[in-house]
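**Student:** In the working numbering, the protein residues as written are 355 to 720.
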Ligand code: FES
Ligand SMILES: [Fe+2]
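1) With which residues is residue 514 paired in a DSSP beta bridge?
2) Quick check: what's the CA-CA separation for residue 587 versus residue 478?
3) Looking at ligand 2, does it come within less than 7 Å of residue 545, judged from the CB to the closest heavy atom?
4) Tell me the residue span of the beta strand (DSSP E) that contains residue 469.
5) Ignoring anything shorter than 3 residues, give me the beta strand (DSSP E) runs that lie fully in the segment 614-672, in order along the chain.
6) Would you call the CB atoms of residue 595 and residue 621 closer than 8 Å?
7) Nearest-angstrom Cα distance between residue 701 and residue 387?
8) Where residue 606 and residue 665 are concerned, what is the direct C-alpha to C-alpha distance, given to the nearest angstrom?
9) Return the chain-ordered list of same chain residues with a C-beta closer than 6 Å to the C-beta of residue 703, the five sequence neighbours on each side being excluded.
10) Mind checking which residues open and close the beta strand (DSSP E) that includes residue 589?
11) So residue 558 is in the beta strand (DSSP E); what residue range does that whole segment cover?
12) Alpha carbon to alpha carbon, how far is residue 459 from residue 498?
13) Please list the terminal residues of the continuous beta strand (DSSP E) segment that includes residue 527.
14) Would you report the Cα separation of residue 433 and residue 598, rounded to the nearest angstrom?
15) Considering only the alpha carbon of each residue, which of 555, 486, 403, 381 lies closest to residue 706?
16) On the CB-based measure, 16 or more other CB atoms within 10 Å of its CB, does residue 659 come out buried or exposed?
17) Taking C-alpha atoms, which residue in 634, 443, 472 lies nearest to residue 424?
18) So what does DSSP say about residue 575, is it helix, strand or coil?
19) Contact between the segment 641-658 and the segment 573-581 is defined here as three or more beta-carbon pairs at a separation below 8 Å; is this criterion met?
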């Protein structure tokens, strides 16, 4: 078994479990960039606790969130010249994880250090890499430029959900649930036709509803003047769980070019096997009549007050079982989510095969 950074600091059992459950060699969104402007944020990703902050030059830093002395969370400490100072006995750690100051001795013990993980800021998001650092290619970070476009304004949110992260992907890849769960997205009148477009590394699902009254969302951002509208949603999934979501509305019978589009990001990061970080953001033109706070509140109603309790109740009923082992009934709109799950499983299986092969090579060589 080869030991990847961070995983080596977990107990053997936790490490084995993480190896089985998650894709490791990938970028995960760890937070919104603004969250660490004035604070140290403690956030767990794939069961690895992280302390997120900015160094002296304002670059983001992700350290293993456990002091090597008496194991206090570093995220509860404070910043001193770009280093984090442990709240318990005052050791300080720099961006690279090395101890920069020991208040009790001139000497710094060799073991006094923590793992530092690659982390980058892109499009108002923080992306962390917890796998093999030599493979952390910044070009593989998914881009959501509309969230940081100075010509637009973005409403961004965060929802903590007590469920396995693929359940949130399933939810987003099958919008038929809006008909029953989300009145602001159309409620009973949201009765879509859907289609799936599989790519090499992506899955796109499209939902179309025609000739309905404009639902509350998008009416508040694109008033239809009492006319009937057509709605479309195109959602593109990238492994492990970054979704680009485009909602469009137009007057019924008109071309899409005459309508209006709101781009959204839905990015999900596994916290543990039973909990997830759900980051969501939408951007509108600067002169859109709807204020950011109102837009945020409207989206929060759907994601925090409607999706979250349902997904947590689903997880509760599933217990610790894997979805497939329960043999779920399949409905036509599930097709996109199933494809996404298959692609992700294949990536994880491939990664584990590579790791086992590397491990076997190491054993043979030693
Ligand atoms: S636990 Fe951090 S300095 Fe003692
Ligand atoms: Fe939903």
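No residue lacks a Cβ here, since even glycine has one placed at the ideal position from N, Cα and C.
**Tutor:** For this structure:
1) Looking up residue 514 in the chain shown gives position 160. For residue 514, which the question treats as bridged, DSSP gives the partners 631.
2) Locating residue 587 in the chain shown gives position 233, counting from the first residue. Locating residue 478 in the chain shown gives position 124, counting from the first residue. Residue 587 and residue 478: Cα-Cα distance of roughly 24 Å.
3) For the purposes of this step, residue 545 is identified with residue 191 of the chain shown, where counting begins at 1. Not so, every heavy atom of ligand 2 lies at least 7 Å from the Cβ.
4) Start at 1 with the first residue of the chain shown, and residue 469 comes out as number 115. Element bounds for residue 469: n/a, residue is neither H nor E.
5) Counting whole runs of 3 or more residues, the segment 614-672 contains the beta strand (DSSP E) stretches 614-626, 629-639.
6) On the chain shown, position 241 is the one that residue 595 refers to. On the chain shown, position 267 is the one that residue 621 refers to. Yes; because the gap between Cβ atoms is below 8 Å, this pair is in contact.
7) Here residue 701 is taken as the residue at index 347 of the chain shown, counted from 1. Here residue 387 is taken as the residue at index 33 of the chain shown, counted from 1. Going by the C-alpha atoms only, they are around 28 Å apart.
8) Translated into positions along the chain shown, residue 606 becomes position 252. Translated into positions along the chain shown, residue 665 becomes position 311. For residue 606 and residue 665, the distance between alpha carbons rounds to 33 Å.
9) For this step, residue 703 is matched to residue 349 along the chain shown. Closer than 6 Å at Cβ, skipping near neighbours: no residue.
10) Locating residue 589 in the chain shown gives position 235, where the first residue counts as 1. 582-592 is the extent of the beta strand (DSSP E) around residue 589.
11) As a working mapping, residue 558 is identified with position 204 in the chain shown. Element bounds for residue 558: 556-567.
12) Residue 459 sits at position 105 when you count from the first residue of the chain shown. Residue 498 sits at position 144 when you count from the first residue of the chain shown. Their backbone Cα atoms lie some 47 Å apart in a straight line.
13) On the chain shown, residue 527 is found 173 positions in, with the first residue counted as 1. No beta strand (DSSP E) holds residue 527; the alpha helix (DSSP H) holding it covers 519-527.
14) The residue labelled residue 433 in the question sits at position 79 within the chain shown. The residue labelled residue 598 in the question sits at position 244 within the chain shown. Going by the C-alpha atoms only, they are around 35 Å apart.
15) Residue mapping note: residue 706 aligns to position 352 of the chain shown, counting from 1. Minimum Cα distance to residue 706 is reached at 486.
16) Along the chain shown, one-based indexing puts residue 659 at 305. That one is exposed.
17) Mapped onto the chain shown, residue 424 falls at position 70. It is 443.
18) Taking the first residue of the chain shown as 1, we reach residue 575 at position 221. Residue 575: coil per DSSP, three-state reduction.
19) yes
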